[in-house]
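Q: Quick note on our numbering: the sequence shown kicks off at 189 and runs consecutively.
Questions regarding the structure given below will be posed in turn.
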Amino acid sequence: MFIVVTSDSHGRVEILKRIAAREKGAYLYLDAGDSEREERELLPFLSVKGNRDHLIRNRYRIVKAGDVRIFIFHGNGSPLNKEHLASLAQNNDCKIIIHGHTHVPYHLEYEGIHLLCPGSVAYPRSLKGTTYAVIKLGSKIEVELKKVKS
């Protein structure tokens, strides 16, 4: 089972559509906010409200994939250090926490919690370029950061 994670498309919904087509068959498609679009325009992605979103209600979501609970939020207005993120995940009984906002992709495991920012699919702020993530759930959790291809 795999999950596709994006963030910070800032109106570039066509990029989300390309990623969904490239990553067919995902169990979930998640977006960590700042899409600047209505939720129905983002389907199949489930999104959360970012600081640039006025048409999305949910500031966070907790979703379940198999036995794994995932906390997703944009991250603006919240400390994004590993201690705070791990605590937020643990307090909500989640094994994975996802945020956007920084446009800088990373994945690390801290205190048994997977911390993930998929970067930005449209406007990167790192040398890694435009990125998104794929989470593979099996006997263990694996995360791959992928480049957006045109």
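We put the CB at the ideal spot given by N, CA and C, even for glycine.
Can you check which of these residues, Ile-191, Gln-278, Lys-283, is closest to Val-256 by C-alpha distance?
A: The residue labelled residue 256 in the question sits at position 68 within the sequence shown. Of the candidates Ile-191, Gln-278, Lys-283, the one whose C-alpha sits nearest the C-alpha of Val-256 is Lys-283.
Q: Could you say if the region 285 to 296 and the region 219 to 237 meet the contact criterion of at least three C-beta pairs nearer than 8 angstroms?
A: The region 285 to 296 is in contact with the region 219 to 237.
Q: Can you tell which of Thr-319, Leu-325, Lys-324 has its C-alpha closest to the C-alpha of Arg-206?
A: Counting from one through the sequence shown, the residue named residue 206 turns up at place 18. Here the closest residue by C-alpha is Thr-319.
Q: Report the partner residues of Arg-249 according to the DSSP bridge assignment.
A: Working through the sequence shown from its first residue, we reach residue 249 at position 61. In the DSSP secondary-structure assignment, Arg-249 is bridged to Ile-260.
Q: Kindly list the residues whose CB is nearer than 8 angstroms to the CB of Arg-247, restricted to its own chain and excluding five residues on each side of it in sequence; keep chain order.
A: Here residue 247 refers to the residue found at position 59 when the sequence shown is read from its first residue. Cβ neighbours of Arg-247 beyond the five flanking positions: Val-236, Lys-237, Phe-261, His-262.
Q: Pick helix, strand or coil for Ser-275, following the three-state DSSP scheme.
A: Within the sequence shown, residue 275 is the residue found at index 87, counting from 1. In the structure shown, Ser-275 sits in a helix (DSSP, three-state: H, G or I).
Q: Within the continuous beta strand (DSSP E) that includes Pro-244, where are the two ends?
A: Numbered from 1 along the sequence shown, position 56 holds the residue referred to as residue 244. Here residue 244 is Ile; the residue named in the question, Pro, does not match the sequence. From DSSP, Ile-244 is part of no beta strand (DSSP E); its letter is neither H nor E.
Q: I need the straight-line Cα distance from Phe-259 to Lys-316, nearest angstrom please.
A: Reading the sequence shown from its first residue, position 71 is the one you call residue 259. Reading the sequence shown from its first residue, position 128 is the one you call residue 316. Whole-angstrom Cα-Cα distance: 24 angstroms.
Q: Hey, how far is the Cα of Pro-312 from the Cα of Asn-279?
A: For this step, residue 312 is matched to residue 124 along the sequence shown. For this step, residue 279 is matched to residue 91 along the sequence shown. If you take the alpha carbons of Pro-312 and Asn-279, they lie about 31 angstroms apart.
Q: Going by beta-carbon coordinates alone, are Leu-216 and Val-309 separated by less than 8 angstroms?
A: The count along the sequence shown starts at 1 and reaches residue 216 at position 28. The count along the sequence shown starts at 1 and reaches residue 309 at position 121. Contact: no.
Q: Out of Asn-269, Val-336, His-291, Leu-230, which one is the CA nearest neighbour of Val-201?
A: Here residue 201 corresponds to residue number 13 of the sequence shown, with the count starting at 1. Val-201 has its Cα closest to that of Leu-230, out of Asn-269, Val-336, His-291, Leu-230.
Q: Tell me which residues share the same chain as Gly-254 and place their Cβ nearer than 7 angstroms to its Cβ, disregarding the 5 neighbours each side in the sequence.
A: As a working note, residue 254 is residue 66 in the sequence shown. Met-189, Leu-325.
Q: To the nearest angstrom, how far is the alpha carbon of Leu-276 from that of Lys-337?
A: To locate residue 276, count along the sequence shown from 1; it is residue 88. To locate residue 337, count along the sequence shown from 1; it is residue 149. Their backbone Cα atoms lie some 33 angstroms apart in a straight line.
Q: By a C-beta neighbour count over all protein chains shown, 10 Å radius and 16 as the cutoff for buried, is Leu-296 buried or exposed?
A: In the sequence shown, residue 296 corresponds to position 108, counting from 1. That one is exposed.
Q: Starting from Leu-230, follow the alpha helix (DSSP H) in both directions and report where the run begins and ends.
A: The count along the sequence shown starts at 1 and reaches residue 230 at position 42. Leu-230 -> alpha helix (DSSP H) spans 227 to 230.
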